[in-house]
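Using this note's numbering, the first residue of the sequence shown is number 24, and each one after it goes up by one.
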Amino acid sequence: MYKFVDEISIFVKAGNGGPGCISFRREKYVPAGGPDGGNGGAGGNVLFQADPQIINLAHLHNARCYSAGHGNHASGRNRDGKDGEPVIVKVPMGTVLSDLNGKVLHDFTDLKPFEYVTGGRGGKGNAHFKSSTFRSPKFAQPGEVVEKVQVSLSLKIIADVGFIGLPNAGKSTLLHTLTQANPKIANYPFTTLSPNLGTLELSHDKSCTVADIPGIIEGASKGHGLGLSFLKHIERVRLLVFVLDITTAHVTEELEVLRQELEEYNPVLNKRPFILVFNKCDLIEPEFADIWMDSFRKDGYDPVPISALNNEGIDALKAKILEKI
Numbered sequence: 024m025y026k027f028v029d030e031i032s033i034f035v036k037a038g039n040g041g042p043g044c045i046s047f048r049r050e051k052y053v054p055a056g057g058p059d060g061g062n063g064g065a066g067g068n069v070l071f072q073a074d075p076q077i078i079n080l081a082h083l084h085n086a087r088c089y090s091a092g093h094g095n096h097a098s099g100r101n102r103d104g105k106d107g108e109p110v111i112v113k114v115p116m117g118t119v120l121s122d123l124n125g126k127v128l129h130d131f132t133d134l135k136p137f138e139y140v141t142g143g144r145g146g147k148g149n150a151h152f153k154s155s156t157f158r159s160p161k162f163a164q165p166g167e168v169v170e171k172v173q174v175s176l177s178l179k180i181i182a183d184v185g186f187i188g189l190p191n192a193g194k195s196t197l198l199h200t201l202t203q204a205n206p207k208i209a210n211y212p213f214t215t216l217s218p219n220l221g222t223l224e225l226s227h228d229k230s231c232t233v234a235d236i237p238g239i240i241e242g243a244s245k246g247h248g249l250g251l252s253f254l255k256h257i258e259r260v261r262l263l264v265f266v267l268d269i270t271t272a273h274v275t276e277e278l279e280v281l282r283q284e285l286e287e288y289n290p291v292l293n294k295r296p297f298i299l300v301f302n303k304c305d306l307i308e309p310e311f312a313d314i315w316m317d318s319f320r321k322d323g324y325d326p327v328p329i330s331a332l333n334n335e336g337i338d339a340l341k342a343k344i345l346e347k348i
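As structure tokens, this is what we get:
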């Protein structure tokens, strides 16, 4: 069964350094061989890297500890140990890496790897300590030991357009109609339990990523329902699309609820460009739809009437998105 994971804590550990070697050159006919212990290899580093093929953090759910390779032991004849292999933890674009105190360490908005923990230093062999006054050191350094670290990963979806609406407003149907994405669709609230993404072709040379954000109800910003878990996914969108069910008797109040929840979660969101969409217009008489449209126009809105299920008004919505994006 598909599992959406957008928050997780994992342990990471860089490799320990390899110990240096204590060795003395002993060969026939070489009376003054001297120390020849090599240096230990460095431990492998821990790196994080965004991967556009990964859509959430579910792949980290079962294996919670990621360890790099240890540096190898050194040996005689001045042979250094091999460095440990690094470990690369792949995460989806938009992931935020934090420590357990909530300090943000890195925000993965590009594909550049981020080195978080450096591997342990390799120990020096006894040849390293040889000098003109200290000809036969009989000691070497151990490798540096690196502690295991716990970190937190939180995904904030990167999308150009975000659909915002109360349950059963038709957001998933609209996403499917616009992008051919295949979210679960049914006629009861909270069908969508995780964000869904799709790609909308706006013109022959322009497209955008669209996200259906579920779980927004009154009180979502205070933790009611599913909203608090998914409100964070709205933070990165460039354009908000408020999807309202025109068949309800409380369209104005529903829009006020949505805007209030955004305001309480993050006031910046209400300053983003937005489009107001009236969905399910095929289910009411045209004159009633016109009355609703006129009342919202008087308040300064420019609503777009559609029927996502019947593909009505979709071209007008695409044109409006292209204009705003």
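Backbone N, C-alpha and C fix where the C-beta goes; we use that ideal spot for every residue, glycine too.
Relative to the alpha-carbon of residue i, which residue among the options has its alpha-carbon at the smallest distance?
{"i": "residue 48", "options": "104, 89, 329, 100", "result": "100"}
{"i": "residue 91", "options": "307, 188, 175, 36", "result": "36"}
{"i": "residue 319", "options": "273, 96, 73", "result": "273"}
{"i": "residue 136", "options": "79, 30, 263, 112", "result": "112"}
{"i": "residue 72", "options": "132, 195, 150", "result": "132"}
{"i": "residue 118", "options": "197, 87, 259, 34", "result": "259"}
{"i": "residue 109", "options": "69, 116, 76, 182", "result": "69"}
{"i": "residue 27", "options": "237, 263, 89, 336", "result": "237"}
{"i": "residue 323", "options": "341, 299, 41", "result": "299"}
{"i": "residue 198", "options": "266, 254, 287, 78", "result": "266"}
Looking at the strands, I want to know which residues DSSP matches up with residue i.
{"i": "residue 286", "result": "Paired residues: none, contrary to the question."}
{"i": "residue 89", "result": "35"}
{"i": "residue 186", "result": "235, 264"}
{"i": "residue 121", "result": "127, 175"}
{"i": "residue 72", "result": "113"}
Between which two residues does the beta strand (DSSP E) harbouring residue i extend?
{"i": "residue 298", "result": "297-302"}
{"i": "residue 175", "result": "172-178"}
{"i": "residue 137", "result": "137-140"}
Would you say residue i faces chain C, with C-beta separation under 8 angstroms as the test?
{"i": "residue 309", "result": "No chain C is part of this structure, which consists of one protein chain only."}
Going by the beta-carbon positions, is the gap between residue i and residue j smaller than 8 angstroms?
{"i": "residue 38", "j": "residue 93", "result": "yes"}
{"i": "residue 29", "j": "residue 178", "result": "yes"}
{"i": "residue 56", "j": "residue 107", "result": "no"}
{"i": "residue 160", "j": "residue 152", "result": "yes"}
{"i": "residue 134", "j": "residue 174", "result": "no"}
{"i": "residue 312", "j": "residue 269", "result": "yes"}
{"i": "residue 188", "j": "residue 204", "result": "no"}
{"i": "residue 169", "j": "residue 145", "result": "no"}
{"i": "residue 337", "j": "residue 262", "result": "no"}
{"i": "residue 225", "j": "residue 344", "result": "yes"}
Which of the three DSSP states, helix, strand or coil, is assigned to residue i?
{"i": "residue 83", "result": "helix"}
{"i": "residue 257", "result": "helix"}
{"i": "residue 147", "result": "coil"}
{"i": "residue 226", "result": "strand"}
{"i": "residue 318", "result": "helix"}
{"i": "residue 276", "result": "helix"}
{"i": "residue 169", "result": "coil"}
{"i": "residue 243", "result": "A caution first: residue 243 carries a pLDDT of 44, below 50, which makes its placement in the model unreliable, though a value can still be read off. If DSSP states are grouped into helix, strand and coil, residue 243 belongs with the helices."}
{"i": "residue 152", "result": "helix"}
For the alpha helix (DSSP H) holding residue i, just list the boundary residues, first then last.
{"i": "residue 330", "result": "Element bounds for residue 330: n/a, residue is neither H nor E."}
{"i": "residue 196", "result": "194-202"}
{"i": "residue 111", "result": "No alpha helix (DSSP H) holds residue 111; the beta strand (DSSP E) holding it covers 110-114."}
{"i": "residue 346", "result": "337-347"}
Would the beta-carbon of residue i be found less than 7 angstroms away from any heavy atom of the ligand ZN?
{"i": "residue 60", "result": "As presented, the structure is devoid of all ligands, the ligand ZN included, so that no description of it is given."}
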